[in-house]
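Residue numbers for the sequence shown follow my numbering, so the first one is 349 and each next one is one higher.
For glycine and all other residues, C-beta sits at the position ideal for the given N, C-alpha and C.
Below: the structure, in structure tokens.
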Amino acid sequence: MATFESKCPLCGKGFQAEEEWIGQTGECPECGKEIKIQAPENIATSQPQPPVRSAFPFGDLKVIKMYKGMNKIARRTLLFGLVLFPLSIATLSLGASLIETIISAIGYLVLFAGASFLGRSFRVGLIFAGGLYLLIIGIVAYVNINKTIEDSRSAEKARRYSEEQEAIKYGVPVEDYRKMSSKERASVEEAFTLKKEAVKYGVPLEEYKKIPWNERLKIAKAYENKMEAEAKIEEQIRKDKEEAFYKTPEGIAKKKEEELEAKKARWAAEDARIKAKVAQSHKDFDNKLRLEAMIREFEKLNGRAPDGKELLKIIEHIEKNPR
349 MATFESKCPL CGKGFQAEEE WIGQTGECPE CGKEIKIQAP ENIATSQPQP PVRSAFPFGD
409 LKVIKMYKGM NKIARRTLLF GLVLFPLSIA TLSLGASLIE TIISAIGYLV LFAGASFLGR
469 SFRVGLIFAG GLYLLIIGIV AYVNINKTIE DSRSAEKARR YSEEQEAIKY GVPVEDYRKM
529 SSKERASVEE AFTLKKEAVK YGVPLEEYKK IPWNERLKIA KAYENKMEAE AKIEEQIRKD
589 KEEAFYKTPE GIAKKKEEEL EAKKARWAAE DARIKAKVAQ SHKDFDNKLR LEAMIREFEK
649 LNGRAPDGKE LLKIIEHIEK NPR
């Protein structure tokens with residue numbers, strides 16, 4: 349159907365209308381007020397038609413204004429999503445998500461929405477999504493910054509404690525040691541090591557400093573061999589003394605006493621094993637009454653309770669002959 353350019357008599361702005369709407373009333377798509385569609389001079393006025401409908405595919409003239417407003421929202425939303433993209437990339441290390449993807453998608457939906465309630469809900473959604481995004485970024489950043497600060501403090505505390513211990517070890521004032529460079533500290537450590545080795549190997553410090561590195565290794569090896577030989581000699585002397593002692597009357601008596609103590613320890617261990625076996629039997633055997641009956645039978649025949657070994661035999665008999 350043919351359309352023509354009509355003009356609002358109130359705001360003066362033009363819009364497209366169909367010829368069949370001439371003489372009908374409707375809302376101006378620009379100012380929103382009720383107007384009567386005027387025909388241009390080259391078109392004759394026809395009979396009244398049904399209420400005016402917009403040539404725009406989304407509905408009547410009121411929808412045109414809403415669509416244009418939604419179009420602006422969509423453009424701004426898309427722009428907002430593009431702005432957030434590099435920000436999200438930069439904050440991925442803090443655990444942030446690419447929420448601008450959702451916001452951009454909302455922008456496209458707003459662009460093609462066909463009802464005003466969608467426009468309103470999406471606008472509210474955009475505000476909520478943006479605020480939630482900033483809140484998440486703020487919380488994550490706050491937590492990570494605090495953790496970084498705390499880690500830095502802990503590392504600094506550990507470093508200062510390590511420096512203090514090293515200064516005490518090398519016999520240097522703590523504050524002086526902290527002011528030293530890495531090279532100076534290495535020199536202090538080297539001097540301390542040389543002094544320690546010289547004392548250990550029994551060599552004067554000034555002489556030890558002049559000894560080449562390979563000769564120092566030989567001195568260290570000789571010292572280790574000497575210590576090992578001395579340890580072997582001391583062990584052999586101890587064994588000889590012990591053997592000689594046990595040949596004396598006093599040593600013989602002590603050896604018998606030690607053997608008796610060893611036997612008592614073995615008996616105690618065996619008794620503990622038997623008691624544990626009895627306890628396990630009372631716990632594990634389904635026929636607990638059978639064990640108790642056999643104990644009573646033993647007491648009746650022998651006039652006494654079974655000792656540990658006899659009780660163990662009863663338990664083994666029950667295990668080998670289950671009902």
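Nearest neighbour of residue i, chosen from the options [CA to CA]
i    : options                   : result
K381 : A539, G371, C359 and I662 : C359
W559 : K543, K574, N573 and E572 : The sequence given here places Ile at residue 559; Trp does not occur at that position. Looking at the Cα atoms, K543 is the closest of the given residues.
A515 : I666, I600, Y549 and V536 : V536
W369 : T351, K587 and R507       : T351
K361 : P377, T373, G371 and K589 : P377
S354 : E375, A387 and G550       : A387
E572 : Y549, E563, I581 and Y594 : Y549
S663 : N650, K648, Q372 and V626 : It is worth fixing the name first, because residue 663 is Ile in this sequence and not Ser. The residue with the shortest Cα to Cα distance from I663 is V626.
Y518 : K527, R533, K589 and R614 : R533
C379 : Q513, A365 and P357       : P357
E511 : Q372, E523 and S502       : E523
L637 : M528, E576 and P670       : P670
G564 : A546, E576 and G599       : Note that residue 564 is Arg in the sequence shown, not Gly. For the residues A546, E576 and G599, the minimum Cα distance to R564 belongs to A546.
R508 : E498, T496 and R526       : R526
Residue i in three-state terms, based on DSSP
i    : result
Q364 : strand
G374 : strand
T596 : coil
S529 : coil
D499 : helix
D588 : helix
A438 : Residue placement at A438 is poorly supported in this model, since its pLDDT is 49, which falls under 50; the coordinates are not used for a value here.
R683 : Nothing about residue 683 can be read from this structure; the chain reaches only from 349 to 671.
N494 : helix
A387 : coil
F404 : Because F404 sits at a pLDDT of 43, beneath the cut-off of 50, its placement in the model cannot be relied upon, and the following sentence gives the value as read from the coordinates. F404: coil per DSSP, three-state reduction.
A506 : helix
In DSSP terms, what residue i is bridged to
i    : result
T382 : Note on residue identity: the sequence assigns Glu, not Thr, to residue 382. DSSP output for E382 lists E375 as bridge partner(s).
S354 : F363
Within the chosen definition, does the stretch 606-614 reach the stretch 642-662 through at least 3 CB pairs nearer than 8 Å?
no
Do the stretch 647-658 and the stretch 612-625 touch if we need at least three Cβ pairs shorter than 8 Å?
Yes, the stretch 647-658 is in contact with the stretch 612-625.
In chain order, which alpha helix (DSSP H) runs of at least 4 residues are fully inside the stretch 510-577?
Secondary structure within the stretch 510-577: the alpha helix (DSSP H) runs of 4 or more consecutive residues, fully enclosed, are 522-527, 530-549 and 553-558 (chain order).
Alpha helix (DSSP H) segments (min. 4 residues) lying fully within the stretch 612-650:
636-650
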